[in-house]
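Structure first, then comments.
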Amino acid sequence: MTDKENLVEGLQLEKLRHLLGLVRDSNRFYKPLLAELPPVNELTFESFCAAVPFTTKDMLSEDQAKYPPFGSNHTFPIENYCRFHQTSGSTGNPIRWLDTAEDWQTLLNAWKMVYQSIGIVPKDRIYFAFSFGPFLGFWTAFEAAGQMGMLCIPGGGLNTLARVKAIFENRATVLCCTPTYAIHLAHTARAHALSMDHSSIRHIVVAEEPGGSIPEVKQKIEALWPGSRVHDHHGMTETGPVTYPCAHRIHTLRVFESNFFAEIIDPVTLRPAHPESSGELVLTTLTRVGSPLIRYRTGDLVKLTPAEDRLIHPMGFEGGILGRVDDMIIVRGVNIFPSAVDAILSQFGEVAEYQVNIDQSGAMTEISITVELQPQAEHETGIQSRIESALRNHFNLRIPVCMAPMNSLPRFEMKSRRWIRKQT
643 MTDKENLVEG LQLEKLRHLL GLVRDSNRFY KPLLAELPPV NELTFESFCA
693 AVPFTTKDML SEDQAKYPPF GSNHTFPIEN YCRFHQTSGS TGNPIRWLDT
743 AEDWQTLLNA WKMVYQSIGI VPKDRIYFAF SFGPFLGFWT AFEAAGQMGM
793 LCIPGGGLNT LARVKAIFEN RATVLCCTPT YAIHLAHTAR AHALSMDHSS
843 IRHIVVAEEP GGSIPEVKQK IEALWPGSRV HDHHGMTETG PVTYPCAHRI
893 HTLRVFESNF FAEIIDPVTL RPAHPESSGE LVLTTLTRVG SPLIRYRTGD
943 LVKLTPAEDR LIHPMGFEGG ILGRVDDMII VRGVNIFPSA VDAILSQFGE
993 VAEYQVNIDQ SGAMTEISIT VELQPQAEHE TGIQSRIESA LRNHFNLRIP
1043 VCMAPMNSLP RFEMKSRRWI RKQT
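In structure tokens form, the structure reads like this:
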């Protein structure tokens, strides 16, 4: 172990002991879960992991149903909290989340590090292509940029064309959105004869989907926005910002190690994953103590960077977030992740949007893909067979592709939901 690793782990352990010292007696949700915890001043990471069970989203949801409206995961009286947010609810009922002023500032400080790692400076103008609802990510990104002195331009309440015009007219230099929406904004501009040469965008900060660390998706976005660079990061309402883009290794995300104790487990055995294999990310929030998460199963699949890189940065994820544990499907023995399908379809500039249809009603899982083409490509021949060939070459599996009429598939401002499942 290097001196840097020793220093990082020492600081993490100090923060973990402080967190558990606060939580074990005052937090109703975690008090029974920490019953087997050894004395805090004797705690090691090994004894912590051995004594404390995992926290899951279902546990949090059930707790809020039992103790409405905010649940019992609070270290302080409710009067100490000043920020309310909730999850998107994409996997079930949304979970409400409260923050104290101190915890909120730690989230903003993490976002500032995201901006700094990219090279965004106070003279930049940032366009936020979001509808500002109760989801946390928009607000932390916006407020952190404001504290850094950047000109913040909100895009809430506007349709896509109005947002494109606002980006051009206000000469925004930074765009914050999902990878899917960055593509949709560019397609909308072209559909209305707006030249992308009029764009001043130099940095595109993406999250919510794996695309920002998928080379093919990143290249597609950068080609649609000439002169721009795409930067990935990720976080959750439950945790706040978790990773930032590595400046030295492309398509890699680094964990905010001062804010989190991170583990990677095999989602089936629940034991530590092999360092060379992908696994589920488990997080303990070291600095968000008002509504903490302890050994939280995020559902995100990640893979550590190669061994030589881990000597410098112990917790880096090659390819960013690979997908969700629940999203992977097995078709005739082949593991298929959404990120892999996205990478293949992003190689085809003719594709405007797509939808993956999964039929699990029979004895065997079946998969097909519906593709919508760009207007200028609608009359091209051979595109369907070329996509099918690319899928077959990658997965060694025949995946039928059918074509959809123009503008018939849904577009997404937030996290895309392209995978449609049919079950019995």
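Read in order, the letters of the sequence shown correspond to residues 643 to 1066 in the numbering used here.
Beta carbons: idealized from backbone N, C-alpha and C, even for Gly.
Computed from a predicted structure; not experimentally measured.
Taking the Cα positions, SER1003 is about 20 Å away from PHE979.
Annotation for ILE892: no residue places its beta carbon closer than 7 Å to its own, counting only its chain and skipping 5 residues before and after. Collapsing the DSSP output to three states places ALA904 in a strand. In the three-state reduction of the DSSP assignment, HIS873 falls in the strand class, which pools E and B.
In this structure, LEU702 keeps its C-beta atom at 8 Å or more from the C-beta atom of GLY932. The secondary-structure analysis by DSSP pairs ALA1046 across a beta bridge with GLU1014. Proximity to THR894 across THR885, SER773, GLN654, MET1006 peaks at THR885, based on C-alpha coordinates.
Inclusion of TYR757 and LEU817 in the CB contact set at 8 Å is not warranted, their separation being larger than that value. Boundaries cannot be given for HIS890, as no beta strand (DSSP E) includes it and DSSP labels it neither H nor E.
Exposure of GLU656 is indicated by the presence of fewer than 16 other C-beta atoms within 10 angstroms of its C-beta.
Inside the region 959 to 984, DSSP marks whole beta strand (DSSP E) runs of 3 or more residues at positions 971 to 973, 976 to 978, from first to last along the chain. Secondary structure note for ILE795: it is in no alpha helix (DSSP H), and the uninterrupted beta strand (DSSP E) holding it is 793 to 796. Annotated as distal: ALA752 and ASN648, with beta-carbon spacing of 8 Å or more. Sequence-distant Cβ neighbours of ASP745 in its own chain, meaning closer than 7 Å and more than five residues away, are ARG930, VAL931, GLY932. In the three-state DSSP reduction, PHE898 falls in the coil class, being neither helix nor strand. Here HIS890 is exposed, its C-beta having fewer than 16 other C-beta atoms within 10 Å. The C-alpha of PRO719 is placed about 47 Å away from the C-alpha of SER842. If you look at VAL847, you'll find it in the beta strand (DSSP E) that goes 845 to 848. If you look at GLN997, you'll find it in the beta strand (DSSP E) that goes 993 to 1001. Judged by their CB atoms, ASP766 and THR815 are nearer to each other than the 8 Å cut-off. If you ignore the 5 residues before and after VAL897, its C-beta comes within less than 7 Å of the C-beta of VAL884, THR885, ALA904, MET957, all in its own chain and listed in chain order. In the three-state reduction of the DSSP assignment, LEU750 falls in the helix class, which pools H, G and I. The Cβ atoms of THR940 and GLU922 lie closer than 8 Å to each other. For GLU1055, the number of other beta carbons within 10 angstroms of its own is at least 16, and it is reported as buried. The Cβ atoms of GLU851 and LYS708 do not sit closer than 8 Å to each other. For the pair LEU866 and ASN977, the Cα-to-Cα distance works out to about 31 Å.
For ILE1009, the closest alpha carbon among the candidates THR1023, ILE1062, MET878 is that of ILE1062. For ALA1005 and VAL806, the gap between their C-alpha atoms comes out near 47 Å. Taking C-beta separations shorter than 7 Å and ignoring five residues to either side along the sequence, ASP700 has no partners in its chain. The shortest C-alpha to C-alpha distance from ILE1029 to any of LEU1051, ARG1053, SER988 is the one to SER988.
When only Cα atoms are considered, ASP667 and ASN801 end up about 49 Å apart.
Taking ALA831 as reference, the option from ALA985, GLN654, ALA808 with the minimal CA-CA separation is ALA808. With a threshold of 16 other beta carbon atoms within 10 Å, SER919 falls short and is exposed. Between the region 822 to 829 and the region 789 to 800, the count of C-beta pairs closer than 8 Å stays below three; the two stretches do not touch.
Residue state for LEU912 is assigned as coil, using DSSP reduced to three classes.
A distance of 8 Å or more separates the beta carbons of GLN1016 and ALA1046.
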